[in-house]
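Residue numbers (the UniProt record's numbering): 1 to 217.
The C-beta atom is built at its ideal place from N, Cα and C for all residues, glycine as well.
Worksheet for the structure shown next.
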């Protein structure tokens, strides 16, 4: 695929990697020059990412990286509970995606151990955490749900980047991911979905609490 065709995916990855902070303005001229594309091509990429909730276009002010609000967080977690819990509840432990869930949990546990000496490893914990939930949604065998969750997960990344405290966000949920997986494998989909529901409620509270502290600073 040529550079122009890859541009939305390249920009998307840079946004969720934190190269552009939530709320930061994107320079059309600088990015067009950097990627060696026309401004029209760049605007098409901007439109695609705006539809995914990653960019915002404000008249007379240009394009900025989205900066999620408390209302956005609440809606993201509402959608997560519907998608993830339903996917787990209707699945079977023999599904091929379960192996990816196991690998993600083990990767997160390994990165957490490394974080004692290297705080940068918390980012890897976060990536493994997200990989676990992507694999979980893949239990549904629905490309449409997978695409929807991909956009939702990218918005969640912006939420985490805005808080910028990866340890407090990810450390408690390494154990929670393990609990969800173990309940699912040992006691079946209903037990796994119940554990997952508790997980997502607690995760939402942690994120909303972090947002509240940010507003007081």
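Where residue i falls, given that 16 or more other Cβ within 10 Å makes a residue buried
| i | result |
| --- | --- |
| residue 60 | exposed |
| residue 1 | Any reading at residue 1 needs caution, since the residue's pLDDT is 38, under 50, leaving its predicted position unreliable; the model's value is listed next. The residue is exposed, with fewer than 16 neighbouring Cβ atoms inside 10 Å. |
| residue 80 | buried |
| residue 39 | exposed |
| residue 170 | buried |
| residue 106 | exposed |
| residue 51 | exposed |
| residue 192 | buried |
| residue 144 | exposed |
| residue 199 | buried |
| residue 216 | exposed |
| residue 119 | exposed |
| residue 92 | exposed |
| residue 214 | exposed |
Enclosing alpha helix (DSSP H) for residue i [first to last residue]
| i | result |
| --- | --- |
| residue 209 | 189 to 216 |
| residue 99 | 97 to 114 |
| residue 71 | 70 to 89 |
| residue 136 | 121 to 137 |
Closest Cα partner of residue i within the set the options
| i | options | result |
| --- | --- | --- |
| residue 164 | 210, 97 and 63 | 210 |
| residue 62 | 169, 32 and 26 | 26 |
| residue 195 | 214, 208, 213 and 173 | 173 |
| residue 180 | 133, 206, 166 and 161 | 133 |
| residue 46 | 69, 119 and 10 | 10 |
| residue 95 | 185, 215, 208 and 190 | 185 |
| residue 53 | 22, 146 and 126 | 22 |
| residue 14 | 147, 33 and 49 | 49 |
| residue 158 | 37, 6, 125 and 12 | 12 |
| residue 168 | 112, 74 and 178 | 112 |
| residue 138 | 115, 36, 90 and 124 | 90 |
| residue 187 | 84, 88, 36 and 20 | 88 |
| residue 83 | 7, 31, 146 and 18 | 146 |
| residue 42 | 7, 20, 55 and 153 | 7 |
| residue 110 | 99, 201 and 129 | 129 |
| residue 68 | 176, 203, 154 and 178 | 154 |
TODO: Could I get the ranges of all uninterrupted beta strand (DSSP E) runs contained in the segment 21 to 66, with 3 residues as the minimum, in chain order?
DONE: 55 to 58 and 62 to 65
TODO: Only counting runs of 4 or more residues, tell me where the alpha helix (DSSP H) segments fall wholly within the segment 161 to 190, in order along the chain.
DONE: 166 to 187
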